[in-house]
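Quick mapping for you: the protein sequence lines, in order, are chains A, B and C.
Add 12 to a position in the first sequence, counting from 1, and you land on the number used in this note's numbering.
Add 169 to a position in the second sequence, counting from 1, and you land on the number used in this note's numbering.
Add 7 to a position in the third sequence, counting from 1, and you land on the number used in this note's numbering.
Even glycine gets a Cβ: it sits at the ideal position worked out from N, Cα and C.
Just so you know, these numbers come straight off a predicted model, no measurement behind them.
Here is the structure we will look at, set down as structure tokens.
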Amino acid sequence: MKTDSRLEKVFASGNLAVTSEAGPPRGADPEKVKEKAKHLDGYVDGVNITDNQTAMVRMSSMAASVIVKQMGMDPILQMVARDRNRLAIQADILGAYSLGINTMLCLSGDHPKFGDHPTASGVYDIDSVQMVQCVRKMRDEGKFQGGADITKPPKMFIGAAANPFADPFELRVLRLAKKARAGADFVQTQCIFNLDKFEEYMKMVCDMGLDEQIHVMAGITPMKSAGMAKYMKNKVPGMDVPDEVIKRIEGVPKADQAKEGVTMAVEFIERLKECKGVHGFHIMAIEWEEQVPEIVERAGLYPRPEL
Amino acid sequence: MGNFEPEIVGLCCHYCAYTAADMAGSKRISYPSNVKIIRVPCTGKVDAIHLMKALEKGADGVFVAGCLEGDCHFKNGNTRAAKRVVYVKNYIESLGFEPERVAMYNISAGMGERFAQIAGEFTEQIKALGPNPVKNIKSNHQAAGQ
Amino acid sequence: MITAEQKPIEEIIEYIAPYDRILLVGCNECVTVCAAGGRKEVGLLASALHLHSLKQGKTVDIKEITLERQCDPEYVEELVSLIDSADAILSMACGCGVQTIAGRYKDKPVYPAVNTKFMGASESQGIWAERCKGCGDCLLGVTGGVCPVARCSKQLMNGPCGGTSNGQCEISPDTDCAWRLIWERLKALGMEKRYIEVMVAKDWRPAGGGGPRRIVREDLT
């Protein structure tokens, strides 16, 4: 084992891993973090704590991760290259690890243009791949990015994101290969709605032998309504929502659309359980954390393994 | 203000508007004598500075008259001129002048009557706006010996 | 070239409001090519300022001159004979020109009339786009002649982010995804293998991270 991460242990045990996420509040109330996280307690192996997601200011991911850790759960600290240079990134990793956080996700971060501080300058000192490289060097070589020794190296289980759907498609697998090569242990994918395309992607992943190098967690998002499905199709960059998905949600009365969305999510998981190279599921129920337990149970992923 | 007779500069393309003006004259179609015509080889030759200088020197209005769209003798001089007119309209507006003091028209060489109509309409438009505010200042300064 | 755009006229007017005699100085280099501060634009701005002051019931004395290169002390010296007859200088050059004037004529206020934008190239008539950030360590040789530092909105060094849509950047449909362009070039050149190499964290010192930059050529000094 490289780390004490629960997620690493689940992968090592051969079980399908389950993660979900909780966005910290736009305020300083720790109860808000707890409220969201408690829905997930016992149902997941890790909770992503987002880092100023969609470039909107929120409670720091590190602070919220610590709150979640104190609840006895397993936070996955998200960190974006948009808001920190390499000094701040490494400092935060040391700090997070000292507070018991052992799993993280390295991201570029949404562009400031889309957030509530569009006048901000993005940092982008290093990119997500370089961040992965940096965290691995800290862990495996006990060295800072600049080369100096670390007295007590942080042992982080390293994650990254993958979008199988943004174009150019052929580059998507190579980008995953690059993240694996840089040292990522696992990736969580963008929400999957186009299963055929995802399976095609996974076939390429396996053909390159990447499934042996990196754990791919398939991103699952239950649709709350037809409106949300259309919004994701048309407004979210790099999202692939096939028309059948929208039609299916539209096909049921408005009051039942959320239920249908959950059923679809469960079906997606059932189908992708059979997909070679998929080692777990990342369930992103956006502002709908309370729905996660039902999905996990109905998809046959409950109870989580005792390790 | 009632007997305000504006001074108007019309920058007219040799291949169309200028000929149209000429035709209006020879056909005895009258148009306001307020319009002073300057012949240009193509409205594409008209730059923003020419429109600005006309206003700066006291013209109450300036128009550019070029060939019909697609008929420019030099392919696209008239469309370039139209863009510059828009640019100058915005520029003078930011300086506190009415953008209507500048205009672009497209006509063909055979449209003598249309030319007279344009000249009449534009003159009325400028009359409604009143004198270029620059003009009084200039004449005051001149009167004061500046 | 270095590109620039004229400042809002209101801002320029505010700068020069206290002065009666203005020396308006253009530059015959980059800002001429990008139609922001050459002889033509000097004339246009002078005319605009005249119009404005006349409307206020005043006259302003504006001397127009366009130097060969405002970022070069040799040419800025040409202003010596005019400087005493001006209360302030309004420069239409890029920030380099403005500062060269400020450095030479220490007791004369100098104001910028343009916003210096970026190092770019002309895409077509009237359209300029950023191409170089002057990072001081050119990597175009390994990225197929397309710069991720200047042309990727997130300065990503290892491939496109997840926001690429129809080959365009998520920030604007008018912006090409730099990594899509890089990939297309590498493919066309048969250099796809280059992509898989992880590009390590960039040394930003040559890019200005080491403080203001200078070039000293001993053979020329």
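Alpha carbon to alpha carbon, how far is residue j from residue i? Give it in angstroms, no decimals.
{"i": "Lys215(A)", "j": "Arg193(A)", "result": "19 Å"}
{"i": "Gly215(C)", "j": "Lys209(A)", "result": "44 Å"}
{"i": "Ile320(B)", "j": "Gly218(C)", "result": "Given that chain B is displayed from residue 170 to residue 315, the structure contains no residue 320(B) and the question cannot be resolved."}
{"i": "Ala208(C)", "j": "Ala75(A)", "result": "27 Å"}
{"i": "Val40(C)", "j": "Ala278(B)", "result": "36 Å"}
{"i": "Ile203(C)", "j": "Thr107(C)", "result": "45 Å"}
{"i": "Ala173(A)", "j": "Glu282(A)", "result": "22 Å"}
{"i": "Lys244(B)", "j": "Ile16(C)", "result": "33 Å"}
{"i": "Thr73(C)", "j": "Met99(C)", "result": "9 Å"}
{"i": "Lys205(B)", "j": "Tyr26(C)", "result": "36 Å"}
{"i": "Glu272(A)", "j": "Ala311(A)", "result": "14 Å"}
{"i": "Ser120(A)", "j": "Cys168(C)", "result": "7 Å"}
{"i": "Ile113(A)", "j": "Val105(C)", "result": "52 Å"}
{"i": "Leu298(B)", "j": "Gln175(C)", "result": "47 Å"}
{"i": "Met116(A)", "j": "Gly197(C)", "result": "36 Å"}
{"i": "Pro249(A)", "j": "Met235(A)", "result": "17 Å"}
{"i": "Asn275(B)", "j": "Tyr184(B)", "result": "12 Å"}
{"i": "Asn301(B)", "j": "Thr292(B)", "result": "13 Å"}
{"i": "His291(A)", "j": "Gln102(A)", "result": "29 Å"}
{"i": "Gly143(C)", "j": "Thr131(A)", "result": "26 Å"}
{"i": "Thr188(B)", "j": "Val209(B)", "result": "11 Å"}
{"i": "Glu309(A)", "j": "Gly263(A)", "result": "25 Å"}
{"i": "Gln157(A)", "j": "Cys159(C)", "result": "23 Å"}
{"i": "Thr248(B)", "j": "Ala228(B)", "result": "24 Å"}
{"i": "Gln315(B)", "j": "Ala185(C)", "result": "Legend: pLDDT at Gln315(B) = 46, less than 50; position of this residue unreliable, no value from coordinates given."}
{"i": "Gln225(A)", "j": "Leu28(A)", "result": "16 Å"}
{"i": "Gly239(B)", "j": "Arg270(B)", "result": "26 Å"}
{"i": "Ile306(B)", "j": "Gly265(B)", "result": "15 Å"}
What are the residues that DSSP puts in a beta bridge with residue i?
{"i": "Phe169(A)", "result": "Thr115(A)"}
{"i": "Lys155(A)", "result": "Asp161(A)"}
{"i": "Gln175(C)", "result": "Ser172(C) and Asp183(C)"}
{"i": "Asn122(C)", "result": "Glu12(C)"}
{"i": "Ala29(A)", "result": "Gly292(A)"}
{"i": "Trp135(C)", "result": "Ser129(C)"}
{"i": "Leu180(B)", "result": "Ile207(B) and Val233(B)"}
{"i": "Asn275(B)", "result": "Gly235(B)"}
{"i": "Gly33(C)", "result": "Thr73(C)"}
Are residue i and residue j touching if we call contact CB-CB under 8 Å?
{"i": "Cys287(A)", "j": "Glu211(A)", "result": "yes"}
{"i": "Gly127(A)", "j": "Met91(A)", "result": "no"}
{"i": "Phe173(B)", "j": "Lys258(B)", "result": "no"}
{"i": "Ile138(A)", "j": "Met150(A)", "result": "no"}
{"i": "Leu166(C)", "j": "Glu177(C)", "result": "Here residue 166(C) turns out to be Gly, not Leu, going by the sequence shown. Against a cut-off of 8 Å, the Cβ pair of Glu177(C) and Gly166(C) comes out as no contact."}
{"i": "Thr201(A)", "j": "Ala230(A)", "result": "yes"}
{"i": "Lys161(C)", "j": "His123(A)", "result": "yes"}
{"i": "Leu99(A)", "j": "Ser73(A)", "result": "no"}
{"i": "Lys46(A)", "j": "Met83(A)", "result": "yes"}
{"i": "Val144(A)", "j": "Cys118(A)", "result": "yes"}
{"i": "Ala43(C)", "j": "Ala11(C)", "result": "yes"}
{"i": "Val228(A)", "j": "Gly289(A)", "result": "yes"}
{"i": "Leu86(C)", "j": "Ile19(C)", "result": "no"}
{"i": "Gln303(A)", "j": "Val278(A)", "result": "no"}
{"i": "Arg94(A)", "j": "Gly159(A)", "result": "no"}
{"i": "Glu290(B)", "j": "Ala193(B)", "result": "no"}
For this session: Below 7 Å between beta carbons is the criterion; list the residues of the segment 231 to 249 of chain A that meet it against any residue of chain C, in chain order.
Result: Pro249
Problem set entry | Residues of the segment 55 to 75 of chain C with Cβ closer than 7 Å to any Cβ of chain B, in chain order | Ala55, His57, Leu58, His59, Leu61, Lys62, Gly64 and Thr66
Exercise. Going along the chain, which residues of the segment 33 to 50 of chain C sit with their C-beta nearer than 7 Å to a C-beta in chain A?
Worked result: none
Exercise. Which residues, in order along the segment 188 to 209 of chain C, keep a beta-carbon less than 7 Å from a beta-carbon of chain A?
Worked result: Trp190, Tyr202, Ile203, Val205, Val207 and Ala208
Exercise. If you measure beta-carbon to beta-carbon, which residues of the segment 252 to 281 of chain B are closer than 8 Å to chain C?
Worked result: Tyr260, Ile261, Ser263, Leu264, Gly265 and Phe266
Exercise. Does the count of Cβ pairs from the segment 163 to 180 of chain A and the segment 32 to 46 of chain A closer than 8 Å reach three?
Worked result: no
Exercise. Contact between the segment 52 to 60 of chain A and the segment 296 to 308 of chain A: three or more CB pairs below 8 Å?
Worked result: yes
Exercise. How do the segment 43 to 52 of chain C and the segment 212 to 219 of chain B stand: do at least 3 beta-carbon pairs fall below 8 Å, yes or no?
Worked result: yes
Exercise. Taking contact to mean at least 3 C-beta pairs separated by less than 8 Å, is the segment 195 to 209 of chain A in contact with the segment 14 to 31 of chain A?
Worked result: yes
For this session: Could you run through the segment 107 to 126 of chain C and flag, in chain order, every residue whose CB is less than 9 Å away from some CB of chain A?
Result: none
For this session: Below 8 Å between beta carbons is the criterion; list the residues of the segment 210 to 228 of chain B that meet it against any residue of chain C, in chain order.
Result: Asp216, Ala217, Ile218, Met221, Lys222, Leu224 and Glu225
Problem set entry | Contact between the segment 177 to 190 of chain B and the segment 233 to 247 of chain B (3+ Cβ pairs under 8 Å) | yes
Problem set entry | Members of the segment 56 to 67 of chain A that neighbour chain C once the beta carbon cut-off is set at 9 Å | none
Exercise. Hey, is the segment 148 to 155 of chain C in contact with the segment 124 to 131 of chain C, meaning 3+ C-beta pairs nearer than 8 Å?
Worked result: no
Problem set entry | Near-chain C residues of the segment 144 to 162 of chain A - C-beta to any C-beta below 8 Å | Gln145, Cys146 and Gln157
For this session: Pull out every residue of the segment 202 to 232 of chain A whose Cβ sits closer than 9 Å to any Cβ of chain C, in chain order.
Result: Gln202
Problem set entry | Members of the segment 139 to 167 of chain C that neighbour chain A once the beta carbon cut-off is set at 7 Å | Ser160, Lys161, Gln162, Leu163, Met164, Asn165, Gly166 and Pro167
Exercise. Quick one, which residues of the segment 11 to 22 of chain C are near chain B if we go by CB-CB under 9 Å, in chain order?
Worked result: Pro15, Ile16, Glu17 and Ile20
For this session: Check distances from the C-beta atoms of the segment 95 to 123 of chain A to those of chain C and list, in chain order, the residues that come in under 7 Å.
Result: Arg98, Ser120 and His123
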